[in-house]
Amino acid sequence: MKTSVARVLAPMSLICLVLSGCSLPQQRIVDEIVTSWREQRTLPNIDETLTIAEAYRVQTRSVRAKLHNANPAGFKAGLTSPPAQARFKTDSAVAGVLFKEGALQSSDTVSLRELRGLHVEVEIAMRIGTPIEEPLPDVAALRAHIDGIAAAIELPNLDYSQPQTLDAIDIVATNVAAASYIVGEFIPPRQRDPNAVDVKLACNGKQMFTGKGTDSLGDQWRAALWLVNKMLEQGWRIERGQILLTGALGRMLPAATGRCVASYHASDAPDGIPWASLEINVTE
83 MKTSVARVLA PMSLICLVLS GCSLPQQRIV DEIVTSWREQ RTLPNIDETL
133 TIAEAYRVQT RSVRAKLHNA NPAGFKAGLT SPPAQARFKT DSAVAGVLFK
183 EGALQSSDTV SLRELRGLHV EVEIAMRIGT PIEEPLPDVA ALRAHIDGIA
233 AAIELPNLDY SQPQTLDAID IVATNVAAAS YIVGEFIPPR QRDPNAVDVK
283 LACNGKQMFT GKGTDSLGDQ WRAALWLVNK MLEQGWRIER GQILLTGALG
333 RMLPAATGRC VASYHASDAP DGIPWASLEI NVTE
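Following the working numbering, the residues of the sequence shown are numbered contiguously, the last one being 366.
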């Protein structure tokens, strides 16, 4: 009897693997990630040997489980500079999904007790004006779909069980540590060049770092094009009103208690015309 049952189950398992792409190790990882999000637990490091493509499949399944058929708020690029890529042992940017519940307003407060691995990034946001359903060939095609450029702060939560061993596989599978974000006022692209901006982050009155628009893959439009095509590749549809966060300007800063202010100035103007100022308050 046992032999007969085994003969039946083995082909069924093979069919599952071939036709639906299901695998017990990957499903276990998905379940663990979704549970970590739901119960606000520390995220797992991925101990299985996954490829980047498999890590993206884990991400997509985990995110769709969390969304419950709702649309994402947008998408985010990460590791868009050589130092960031070197830190996480990769030579490529990574991409993830933004959740609507992660949206904050400037001057809002976040808690390190709830976001134990909180970091602060100064970024640029682009807003989708018309849907994108197929991969785009170039920046010119992308520009036709973007109706706004804004300042942004991203607040990723790198709360992992073994942060010292994190690599790109861990980051991708767990949705690039997406947590919270702040987006300022959107201005039409013809009035605001996302590459021609200087930024600085000051926390508790002390300047922490400076950056510029071209820190992200050397070109904001190139970074956004890469992000759009990468997420289309994962099966997402880019909808009107969604936002694109194109990657950190300057560097990623571990959060500490206090007040952080991100300031933006147009670098192509003689007097450095201010773009925007966004802030976040961090408590214990």
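Glycine is no exception: its CB is placed at the ideal position from the N, C-alpha and C atoms. Bear in mind that the values here come from a model prediction, so they are computed numbers and not experimental data.
*Secondary structure at Trp318, three-state DSSP: helix, strand or coil?*
Residue numbering aside, residue 318 sits at position 236 when the sequence shown is read from its first letter. If DSSP states are grouped into helix, strand and coil, Trp318 belongs with coil.
*Would you give the residue range spanned by the alpha helix (DSSP H) that Gln289 belongs to?*
Translated into positions along the sequence shown, residue 289 becomes position 207. For Gln289, there is no enclosing alpha helix (DSSP H); the residue is found in the beta strand (DSSP E) stretching over 288-294.
_If distances are taken between C-alpha atoms only, which option among Val112, Lys148, Ala338, Thr117 comes closest to Met290?_
Stepping through the sequence shown from its first residue, residue 290 is reached at position 208. Out of Val112, Lys148, Ala338, Thr117, Ala338 has the C-alpha closest to the C-alpha of Met290.
*For the stretch 124-186, which segments carrying the beta strand (DSSP E) assignment without a break, of at least 3 residues, lie completely within its bounds, in sequence order?*
156-160, 176-180
*asked:* Buried or exposed for Gly295, going by 16 or more other Cβ atoms inside 10 Å?
replied: Indexing the sequence shown from 1 puts residue 295 at position 213. Buried is the call here.
*For Glu366, count neighbouring Cβ atoms within 10 angstroms of its own Cβ and tell me buried if that reaches 16, exposed if not.*
Sequence index remark: in the sequence shown, residue 366 carries index 284 (1-based). Per the 10 Å Cβ criterion, exposed.
*Go through its chain and collect everything with a Cβ distance to Gly317's Cβ below 8 Å, but skip five positions before and after it.*
Taking the first residue of the sequence shown as 1, we reach residue 317 at position 235. Excluding the 5 residues flanking it on each side, Gly317 has same chain C-beta neighbours closer than 8 Å at Thr142, in chain order.
*How big is the Cα-Cα spacing for Pro356 and Leu200?*
Reading the sequence shown from its first residue, position 274 is the one you call residue 356. Reading the sequence shown from its first residue, position 118 is the one you call residue 200. Counting only the Cα atoms, Leu200 lies some 27 Å from Pro356.
*From Ile269 to Asn277, what does the alpha carbon distance come to, in whole angstroms?*
Position 187 of the sequence shown, counting from 1, holds the residue named residue 269. Position 195 of the sequence shown, counting from 1, holds the residue named residue 277. In a straight line, the C-alpha of Ile269 is about 14 Å away from that of Asn277.
*Please classify Lys171: is it buried, with 16 or more other beta-carbons within 10 angstroms of its beta-carbon, or exposed?*
On the sequence shown, position 89 is the one that residue 171 refers to. Burial call: exposed.
*Indicate the three-state DSSP secondary structure (helix, strand or coil) for Leu307 in the structure shown.*
For the purposes of this step, residue 307 is identified with residue 225 of the sequence shown, where counting begins at 1. Helix at Leu307.
*Under the three-state reduction of DSSP, which class applies to Arg272: helix, strand or coil?*
For the purposes of this step, residue 272 is identified with residue 190 of the sequence shown, where counting begins at 1. Reduced to three states, the DSSP call for Arg272 is helix.
_Given this structure, state the Cα-to-Cα distance separating Ser359 from Ile128, to the nearest angstrom._
Within the sequence shown, the letter at position 277 stands for residue 359. Within the sequence shown, the letter at position 46 stands for residue 128. In this structure, the straight-line span from the alpha carbon of Ser359 to that of Ile128 is close to 37 Å.
*Taking Cβ positions, are Ala330 and Ala166 nearer each other than 8 Å?*
Along the sequence shown, read from residue 1 onward, the residue named residue 330 stands at position 248. Along the sequence shown, read from residue 1 onward, the residue named residue 166 stands at position 84. Contact: yes.
_For Ala155 and Gly184, believed in contact at Cβ under 8 Å, the rounded distance_ = Locating residue 184 in the sequence shown gives position 102, where the first residue counts as 1. Locating residue 155 in the sequence shown gives position 73, where the first residue counts as 1. Confirmed, Cβ separation roughly 7 Å.
_Residues sharing a beta bridge with Ala358, DSSP_ = Against the sequence shown, residue 358 aligns to sequence position 276. Within the DSSP secondary-structure output, Ala358 pairs in a beta bridge with Tyr346.
*Would you call the CB atoms of Ser262 and Val202 closer than 8 Å?*
Taking the first residue of the sequence shown as position 1, residue 262 is located at position 180. Taking the first residue of the sequence shown as position 1, residue 202 is located at position 120. Cβ distance not < 8 Å, so Ser262 and Val202 don't count as in contact.
*I think Ser188 touches Asp280, with their Cβ atoms under 8 Å apart; what is that distance to the nearest whole Å?*
Position 106 of the sequence shown holds residue 188. Position 198 of the sequence shown holds residue 280. With a Cβ gap of about 19 Å, Ser188 and Asp280 do not count as contacting.
_Using the three-state DSSP reduction, which class does Thr256 fall into: helix, strand or coil?_
Mapped onto the sequence shown, residue 256 falls at position 174. Looking at Thr256 - three-state DSSP - the assignment turns out to be coil, as it is neither helix nor strand.
*asked:* Here's a check: name, in chain order, each residue in its chain whose Cβ is nearer than 7 Å to the Cβ of Pro336, leaving out the five neighbours to either side.
replied: As a first step, residue 336 is located in the sequence shown; it is residue number 254 there, counting from the start. The residues are His201.
*Where does the unbroken alpha helix (DSSP H) through Leu224 begin, and where does it stop?*
Your numbering for residue 224 matches position 142 in the sequence shown. 221-225 is the span of the alpha helix (DSSP H), which, as asked, contains Leu224.
*Would you call Cys98 buried or exposed, if buried means 16 or more other Cβ atoms sit within 10 Å of its Cβ?*
By 1-based counting over the sequence shown, the position of residue 98 is 16. Caution applies to Cys98, whose pLDDT of 40 falls short of 50 and renders its modelled position unreliable; the value that the coordinates give is listed next. It counts as exposed.
*If you check the beta carbons only, do Ile210 and Glu321 fall under 8 Å apart?*
Along the sequence shown, read from residue 1 onward, the residue named residue 210 stands at position 128. Along the sequence shown, read from residue 1 onward, the residue named residue 321 stands at position 239. Yes. Within cutoff.
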